[in-house]
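Colleague: Take this structure, written in structure tokens, and hold onto it; I'll ask about it next.
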Amino acid sequence: MSHGRFIWPVALVREWLDAAGIVVGPVFWPVSRSGNVRQGEGVRLTTQAVADVIKRYTAAAGFDAATFGVHSLRAGYITTAAERGADLARIMDQSGHRDPRTLGGYIRRANAFKGHSSSGFL
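Start counting the sequence shown at 32; every next residue gets the next number (the working numbering).
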């Protein structure tokens, strides 16, 4: 699912969901060393498994894996959602935050240069 030099991640995820027959629950499931997919209520990838995947593919893409991690993906999602005007309650629902003050740290960073006198320099 690419168009020229661009990859369409949403289309790829939808293709994966269709191919895997996933309609509810996690998008990605744990796979054992023997290749068996573990599915079921409450079964999910561990934080460490996600971190390992991020590090592996970041390095494979030629980036410094030490500068990427699970938290950077989470922070990037929240920051981008806030920049694009997403509803706070929906961001919190997706990110799992219970306290808007915690989420506020990301949103303040997202809005740091909005309307700022030097915003035209960036």
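Cβ atoms here follow ideal geometry from the backbone N, Cα and C, with glycine treated the same way.
Model, not experiment: these values are computed from the prediction.
Once the 5 residues before and after TYR88 are set aside, which same chain residues still bring their CB inside 7 Å of it?
Modeller: none
Colleague: Can you give me the Cβ contacts of VAL54 inside the same chain, cut-off strictly under 8 Å, excluding the 5 residues immediately before and after it?
Modeller: LEU48
Colleague: Would you kindly work out how many angstroms separate the C-alpha atoms of LEU76 and TRP60, rounded to a whole number?
Modeller: 6 Å
Colleague: Which residues mark the beginning and the end of the alpha helix (DSSP H) in which SER103 is found?
Modeller: 101-114
Colleague: For ALA96 and ASP83, what's the separation of their Cα atoms in angstroms?
Modeller: Going by the C-alpha atoms only, they are around 10 Å apart.
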